[in-house]
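Just so you know, we're using UniProt numbering here: the sequence shown kicks off at 1 and counts up by one. To start, the structure itself, in structure tokens.
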Amino acid sequence: MNRFNFFSHTSRLRATKWQAFGHFYSPNSQNSFFAKNSTRFYATYRRFNGQQTVSGLNVLNNTGSRKLIGGTIVIGGIIYFSNLEEAPVSGRRRFIWTSESIERKIGDYSYRQLLGQFRGKLLADNHPQVLKVKSIFQRILNVSPIDESKLDWKVHVIYDPHSPPNAFVLPGGKVFVFSSIIPICKNDDGMATVLSHEFAHQLARHTGENMSKTPIYAALSLLLYTLTGADMFNNLIMNALVKMPASREMETEADYIGLMLMSQACFDPREAPHVWERMTQFEKTAVGRSVPEFLSTHPASTRRIQNMEEWLPKALEARANSNCRDYNGFMALSHDLW
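Encoded structure:
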């Protein structure tokens, strides 16, 4: 849940991103929430050299400012706590006040853009790889705790061996898989790892959660600017301590939800850590170095592997309770179809 993005994090018209598994995001428009030339609501004082400096204490000492800040906090708290929802499967409480219809409109717009961008590279609907991805995704869709059948689901495979490994699900039910990710997935269980993770972003409405957080981030940025007057410092604080940890939390949640869903759909969850091992190896080969986790929108691959290994007993239990005997006879064959 704003996320497949097997390597990315740009505006979620994302075809060339570089980070493992992401969810859909709308184009960055945070500058519209806080323009540098807007009217200032903070007090300043002049130093002997004529430079103006923000004084946060002057703001707090002003009765009118304190009332404004207090009222804003109260109203914001009421809005926040009245719009807390529980995410399916994980049970995490999160703030969402955007409607699903808005998310779908954004997804539909992105879908049209992507169809135009990759025209000529989309494999035919009856291509064996497309049929295989559809079959795997349908099994995941069948075990969804929320009925998603009302959406117009469409699965596309983009043949572009030279693009970074990538896959994503747009709000509204459009699935894109790049052919370059298939060697990393390697088999049905590996592809299920990718698809279930991305479907988990849709299921948990991470796009809506990201959109809902935008005004909160803007308010926090404005507050920091009021107190410090330092744009660069404020951006660093907001990214390192607020935005990126929130993004990593959603990615971890999608990992967990996805692992449980693929297990209930009778895929082998023990393959998920192997997918991430192959991804780690690809990162080392293609990128040559890893970004420190605290500076990344995604958890480190080693941490994701560790998490999945910790979740495996519960995932295997979920698989054992899903009457998966009918699938066991086809496991060897399905592993050879890629």
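All residues carry an ideal CB built from backbone N, CA and C; glycine is no exception. It should be emphasised that the depicted structure is a prediction, and the values quoted were computed from it without experimental measurement.
Spatial distance of residue i from residue j (CA atoms)
{"i": "Q306", "j": "G71", "result": "44 Å"}
{"i": "V275", "j": "L115", "result": "28 Å"}
{"i": "K132", "j": "N239", "result": "39 Å"}
{"i": "I184", "j": "P164", "result": "11 Å"}
{"i": "T226", "j": "S296", "result": "27 Å"}
{"i": "D152", "j": "I75", "result": "38 Å"}
{"i": "G64", "j": "L223", "result": "16 Å"}
{"i": "G120", "j": "D231", "result": "44 Å"}
{"i": "R325", "j": "P313", "result": "19 Å"}
{"i": "I182", "j": "P171", "result": "23 Å"}
{"i": "H201", "j": "Y109", "result": "18 Å"}
{"i": "F118", "j": "R104", "result": "21 Å"}
{"i": "W311", "j": "I136", "result": "22 Å"}
{"i": "N83", "j": "S101", "result": "16 Å"}
{"i": "residue 339", "j": "F81", "result": "No information on residue 339 is available, as it lies outside the stretch 1 to 338 that the chain covers here."}
{"i": "S29", "j": "T207", "result": "Per-residue confidence for S29 stands at a pLDDT of 38, beneath the threshold of 50, marking its modelled position as unreliable; the derived number appears in the next sentence. For S29 and T207, the distance between alpha carbons rounds to 15 Å."}
{"i": "G73", "j": "Q138", "result": "Here residue 73 is Ile; the residue named in the question, Gly, does not match the sequence. Distance between the alpha carbons of I73 and Q138 is about 45 Å."}
{"i": "K67", "j": "H298", "result": "39 Å"}
{"i": "D125", "j": "C266", "result": "25 Å"}
Chain-order list of residues whose beta-carbon lies under 8 Å from that of residue i (same chain, five-residue window excluded)
{"i": "G77", "result": "none"}
{"i": "I79", "result": "W97"}
{"i": "H162", "result": "S180"}
{"i": "V242", "result": "Y217 and L220"}
Spatial neighbours of residue i in its chain, beta-carbon cut-off 6 Å, leaving aside the 5 residues before and after
{"i": "Q264", "result": "V143, A318 and S322"}
{"i": "P128", "result": "none"}
{"i": "V177", "result": "V133, V157 and A167"}
{"i": "E85", "result": "I96"}
Unbroken alpha helix (DSSP H) run spanning residue i, endpoints
{"i": "I102", "result": "E100 to Q117"}
{"i": "I158", "result": "Where I158 is concerned, there is no enclosing alpha helix (DSSP H), although the beta strand (DSSP E) it sits in stretches over K154 to I158."}
{"i": "F282", "result": "E271 to A286"}
{"i": "R303", "result": "S301 to A320"}
{"i": "R248", "result": "M244 to Q264"}
{"i": "F233", "result": "D231 to M238"}
{"i": "I182", "result": "I182 to C185"}
{"i": "R199", "result": "A small correction: the amino acid at residue 199 is Phe; Arg does not occupy that position in the sequence shown. Counting along the chain, the alpha helix (DSSP H) containing F199 begins and ends at D188 to L203."}
{"i": "N210", "result": "H206 to T228"}
Contact under 9 Å by Cβ, residue i with residue j
{"i": "E148", "j": "G107", "result": "no"}
{"i": "A204", "j": "M250", "result": "yes"}
{"i": "I140", "j": "L261", "result": "yes"}
{"i": "L122", "j": "Y159", "result": "yes"}
{"i": "H197", "j": "I257", "result": "yes"}
{"i": "M279", "j": "S301", "result": "yes"}
{"i": "I146", "j": "P215", "result": "no"}
{"i": "P273", "j": "M308", "result": "yes"}
Endpoints, beta strand (DSSP E) assigned at residue i
{"i": "F178", "result": "K174 to F178"}
{"i": "A167", "result": "A167 to L170"}
{"i": "F137", "result": "Looking at the DSSP string, F137 is not in any beta strand (DSSP E); the run it does join, the alpha helix (DSSP H), is P128 to N142."}
{"i": "L84", "result": "L84 to E86"}
{"i": "F95", "result": "R93 to F95"}
Expected contact under 8 Å - CB spacing of residue i and residue j to nearest Å
{"i": "E253", "j": "S90", "result": "5 Å"}
{"i": "V130", "j": "V169", "result": "Not quite, the Cβ-Cβ distance comes to about 15 Å (not below 8 Å), so this is no contact."}
{"i": "E277", "j": "N187", "result": "With 8 Å as the limit, E277 and N187 do not qualify as a contact, their Cβ atoms being about 14 Å apart."}
{"i": "D268", "j": "D189", "result": "5 Å"}
{"i": "T228", "j": "N235", "result": "That pair is no contact at about 11 Å."}
{"i": "A320", "j": "L259", "result": "Not confirmed; about 14 Å, so no contact."}
Test: residue i CB closer than 9 Å to a CB of chain D
{"i": "A204", "result": "Looking at the structure shown, chain D is missing, and only one protein chain is on hand."}
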